[in-house]
Amino acid sequence: LQGIERYTGTIHQVGCTSVACDSNYLFGAAEAAARQADATVLIVGLDQSIEAETRDRVGLLLPGLQEELVSRVANASRGPTILVLMSGGPIDVSFAKRNPDIGAILWVGYPGQAGGAAIADVLFGTINPGGKLPMTWYPESYLTNVPMTNMALRADPISGYPGRTYRFYKGPVVFPFGYGLSYTKFSQKLIEAPPRVSVPITNSSVANSAMLTNAIRVTNTDCNMLSLGVHVDVENIGQMDGSHTLLVFSSPPAGKWAAQKRLVGFQKVHLAAGSRQRVTVGIDICKHLSMVDQSGIRWIPLGQHTLHIGDDIQRSIFVQRRN
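The sequence shown lines up with residues 1 to 323 when you count with the UniProt record's numbering.
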């Protein structure tokens, strides 16, 4: 509240007396305040009474009647409504995404003592947000197929287990891993990445093994010699200075234990409006293009790996054996 008051006058109204939000008796006053305001900022979410060590959440929705509060106040607001979410983990706010009365959603985690000022700076455009989500935000329905006792990452079509994390889960999401918007726009153009990589065999005792047809065990090669660079031009094509995080994902050749993709590198760059910068992301072949089998052994799959940069850039890299 104090952060926003640095920019403008405010009308403040409590909607719930606690995060549990087990009563709606204050909702009417919150709606009345929204009718008077030029813009409404709704701050909802969780706290450590809901999620903490030894205290697991049992659902992904906003606690109690918070969803009703958000919908009613957004409907009553005479101006734009901005939803600010405080939490350590993901929340299913699908209802807010579908609500045309909510113009923006800002996730702030659990901010520190200067958090109010930081939030206000973003709301009023002093700071251009450039963060990316560090986890997948699942819908509430995801929990029906994920027993708390099952920590497996890979999906199991036979049992209906959907898998965990962006690496293996292919179902619907509220927001994907790595998602984040900005007040400006950025374009990305792949400039250079090698089309082919040769992996040497340094262990002579396995050089002729039939197992090397599909993959090479990382202990049988010289990982210090195996790296590549991906060079991308990032341009700020909007009207505001801002930061952009370049995310590079990789998809391995298809296989039983293969993830659909994994983050293999990232680089953050700050660009003035209209400027461009070349960004290089280094990829360690043994670390980033390998996978672990059911026995805990790390292998480099041979064949076509695909790099993904943003939503529309893909580059194939063929990994082959070199004796």
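Just so it is clear, CB atoms sit at the ideal spot from N, CA and C, and this is done for glycine as well.
How would you call residue i, buried or exposed, if buried means at least 16 neighbouring beta carbons within 10 angstroms?
| i | result |
| --- | --- |
| residue 301 | buried |
| residue 257 | exposed |
| residue 2 | exposed |
| residue 30 | buried |
| residue 252 | buried |
| residue 231 | exposed |
| residue 292 | exposed |
| residue 105 | buried |
| residue 93 | buried |
| residue 150 | exposed |
| residue 224 | exposed |
| residue 110 | exposed |
Report the option in the options whose CA atom is closest to the CA atom of residue i.
| i | options | result |
| --- | --- | --- |
| residue 306 | 95, 154, 197 | 197 |
| residue 175 | 287, 97, 23 | 97 |
| residue 43 | 17, 25, 57 | 17 |
| residue 182 | 270, 320, 110 | 270 |
| residue 320 | 221, 261, 255 | 221 |
| residue 247 | 294, 140, 187 | 187 |
| residue 244 | 78, 138, 179 | 179 |
| residue 122 | 136, 107, 135 | 107 |
| residue 239 | 254, 273, 265, 219 | 273 |
| residue 55 | 25, 26, 88 | 88 |
Specify the secondary structure class of residue i as computed by DSSP and reduced to three states.
| i | result |
| --- | --- |
| residue 225 | helix |
| residue 12 | coil |
| residue 268 | strand |
| residue 192 | strand |
| residue 168 | helix |
| residue 348 | No statement about residue 348 is possible, as the shown extent of the chain runs from 1 to 323 and does not include it. |
| residue 177 | coil |
| residue 248 | strand |
| residue 142 | helix |
| residue 186 | strand |
| residue 93 | coil |
| residue 44 | strand |
Please go through the same chain and pick out, in chain order, the residues whose beta-carbon is closer than 8 Å to the beta-carbon of residue i, but skip the five residues on each side of it.
| i | result |
| --- | --- |
| residue 322 | 198, 199, 200, 201 |
| residue 173 | 136, 137, 138, 139 |
Measure the beta-carbon distance from residue i to residue j and round it to whole angstroms, keeping in mind my assumption that it falls under 8 Å.
| i | j | result |
| --- | --- | --- |
| residue 102 | residue 81 | 5 Å |
| residue 41 | residue 4 | 7 Å |
Skipping 5 residues on each side, what residues in its chain have a beta carbon closer than 7 Å to that of residue i?
| i | result |
| --- | --- |
| residue 227 | 282, 283, 284, 285 |
If you drop the 5 nearest sequence neighbours on each side, which residues of the same chain put their C-beta closer than 6 Å to that of residue i?
| i | result |
| --- | --- |
| residue 171 | 162 |
| residue 229 | 280, 282 |
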